[in-house]
Amino acid sequence: MSEIEAILPQVKRIRYSALGVGIIALVPCVIGAFFDTRQFFHSYLIAYLYVLGTTLGSMGLVMLYHLTSGYWGLITRRLLESASRTLPLVALFTIPLLIGLPQIYQWTNAAAVAADRRLQAKQFYLTTPLFVIREIIYFALWFAMAYFLNRWSAEQDATDDPAVLKRLRFISAPGLVLLCLSITFAGVDWLMSLEPHYYSTTFGFRIITGQAVNAMAFSVVLAMALAAKNPIAPLITKKRLRDLGNMLFAMIMLWAYIGFTEFLIIWAGNIPDETAWFRHRFWAGWGRLAWLLLTFHFFVPFFLLLQRAVKHRPRLLMGVAAWLLFMRVVELFWMVEPSEHAWFVLHWMDVLVPVGLAGIWLSVFLWQLGERPLMPAHDPLFEEQPREQQTAG
9 MSEIEAILPQ
19 VKRIRYSALG
29 VGIIALVPCV
39 IGAFFDTRQF
49 FHSYLIAYLY
59 VLGTTLGSMG
69 LVMLYHLTSG
79 YWGLITRRLL
89 ESASRTLPLV
99 ALFTIPLLIG
109 LPQIYQWTNA
119 AAVAADRRLQ
129 AKQFYLTTPL
139 FVIREIIYFA
149 LWFAMAYFLN
159 RWSAEQDATD
169 DPAVLKRLRF
179 ISAPGLVLLC
189 LSITFAGVDW
199 LMSLEPHYYS
209 TTFGFRIITG
219 QAVNAMAFSV
229 VLAMALAAKN
239 PIAPLITKKR
249 LRDLGNMLFA
259 MIMLWAYIGF
269 TEFLIIWAGN
279 IPDETAWFRH
289 RFWAGWGRLA
299 WLLLTFHFFV
309 PFFLLLQRAV
319 KHRPRLLMGV
329 AAWLLFMRVV
339 ELFWMVEPSE
349 HAWFVLHWMD
359 VLVPVGLAGI
369 WLSVFLWQLG
379 ERPLMPAHDP
389 LFEEQPREQQ
399 TAG
């Protein structure tokens, strides 16, 4: 019996339930795709970016942990590594989107390109063959990083050789740079090119910080769900809870800073092609959603996580993180759908497709989580715990 099954006997039932819910949610969406193909692929893009962001954000946080050795990563490391190993599933999720490119992006329409000089000027980059080639390059890079991070992590469990830790740190420094660059280009491909006249030099950073919030919130939810179980329970002290809460707080602050900076620079510049992207998302009903994001994705979590009383209580901290996971879907909806609908529209597929893909992804994640011990055997911080607890006592 794996360690996760020993500490959480109902994990298999949760795993199969998540898979069942995911499949049940996707069945009507697949049927609906025959009647409203464009809507299906836009809803699918929202769901895809959500699970992709959680996966890549988790891999980025693993590398950040190896470089900083923060105690926040001691509890969440194996959760984040398990999320990074769902990358093959996310690659499979990419195939339907590649098939549906003509239903999503206007730059795939030859007639639209022929009538628009600005689109013609971008054809050196925005073509379907080059788009597919870039996706292959991105995933090859992501697979390579995930492979070595997880392989050497497993090797660290088997040996206390300090060379393994050095290799993990060695790959993490350039790995973070390459991950950020690849996510930036992928964000341009999947999101910014929905409105190909728009351009922003900070758009990639906005995607990166959003994925970091995704991954951190997800790992906090899982860590708090396991907080009363061994081997995690002895690590859940007030100081460790503050570490997790402070890290989540930092991710929210960074996301808000990048988003506000992008908005401020573009609005001050007042260039029509740039400001049009925000106009589409602040008028015709979409503005209410923008204020909802500002209030409940930033201000409310910000003030809650300022309170030690919230960070010291696992259930409250879990609630804040779970709410942020929901708000991440809302932001992706706000970024994707205005490119298709001039007025605010919430289609039933915008709800069911994310539920479907997230359910299947969660099922695979739980399977991966059960493949390895929840605590790394020879992590230096883990080995320091008995001594630290003895000193505190």
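Each residue of the sequence shown is one higher than the one before, starting from 9 at the first, in my numbering. Where a beta carbon is used, it is the ideal one built from N, C-alpha and C, also for glycine. Just so it is clear, the structure is predicted and the values come from calculations on it, not from any experiment.
- Between V372 and Y52, the gap from beta carbon to beta carbon reaches 8 Å or more.
- For A233 and Q315, the gap between their C-alpha atoms comes out near 21 Å.
- Counting the other CB atoms within 10 Å of its CB gives K319 a total of 16 or more, which places it among the buried residues.
- I191 is positioned such that its CB atom lies closer than 8 Å to that of Q219.
- Here G378 is not near G30, since their CB atoms are 8 Å or more apart.
- Between T217 and L262, the C-beta spacing is below 8 Å.
- The beta carbons of A258 and A329 sit no closer together than 8 Å.
- Excluding its 5 nearest sequence neighbours in each direction, A55 has C-beta neighbours in its own chain below 6 Å: V361, P362 and L365, listed in chain order.
- In this structure, the alpha-carbon of L272 lies about 17 Å from that of F306.
- Taken in chain order, the complete alpha helix (DSSP H) segments of 4 or more residues contained in the segment 344-379 are 356-377.
- For H50, the enclosing alpha helix (DSSP H) starts and ends at T45 to T76.
- With at least 16 other beta carbons inside 10 angstroms of its own, A194 counts as buried.
- Distance check between T135 and each of A152, Y155 and Y113 places Y113 closest, using alpha-carbon atoms only.
- Annotated three-state conformation of D165 is helix, per DSSP.
- The C-beta separation of L87 from A241 comes to about 15 Å, leaving the pair out of contact by the 8 Å criterion.
- DSSP places W115 in no alpha helix (DSSP H); its state is neither H nor E.
- Within the same chain, P346 come within 6 Å of H288 by CB-CB distance, once the 5 residues on both sides are set aside.
- For R93, no alpha helix (DSSP H) run applies, since DSSP gives it neither H nor E.
- Between A99 and F139, the gap from beta carbon to beta carbon reaches 8 Å or more.
- DSSP places D387 outside both helix and strand once states are collapsed to three, so it counts as coil.
- For N222, the enclosing alpha helix (DSSP H) begins and ends at F211 to A233.
- Taking the CA atoms as reference points, L95 sits about 7 Å from T63.
- Between R177 and L75, the CB-CB gap stays under 8 Å.
- Rounded to whole angstroms, F49 and T84 show a C-alpha spacing of 33 Å.
- With contacts defined as CB atoms closer than 8 Å, A154 and S77 fail to qualify as a contacting pair.
- Sequence-distant partners of D197 (beyond 5 residues in either direction) whose C-beta falls short of 7 Å from its own C-beta, in its chain, are F139 and R142.
- If you look at Q128, you'll find it in the alpha helix (DSSP H) that goes R125 to A129.
- In the three-state reduction of the DSSP assignment, L199 falls in the coil class.
- In this structure, the CA atom of F42 is about 20 Å from the CA atom of N117.
- Bounds of the alpha helix (DSSP H) holding S25 are V19 to A41.
- K247 sits in a helix when the DSSP states are folded into three classes.
- About 5 Å separates the CB atoms of T45 and Q111; that is less than 8 Å, so the two are in contact.
- For L97, the CB contacts under 6 Å within the same chain, skipping 5 residues up- and downstream, are V372 in chain order.
- The C-beta distance from A292 to W351 rounds to 5 Å, short enough to fall under 8 Å.
- The segment 271-302 contains, as complete alpha helix (DSSP H) runs of 4+ residues, the segments 280-290 and 294-301 (chain order).
- Residues S77 and L173 of the same chain have their beta carbon placed closer than 8 Å to that of P388, with the five preceding and five following residues left out of the count.
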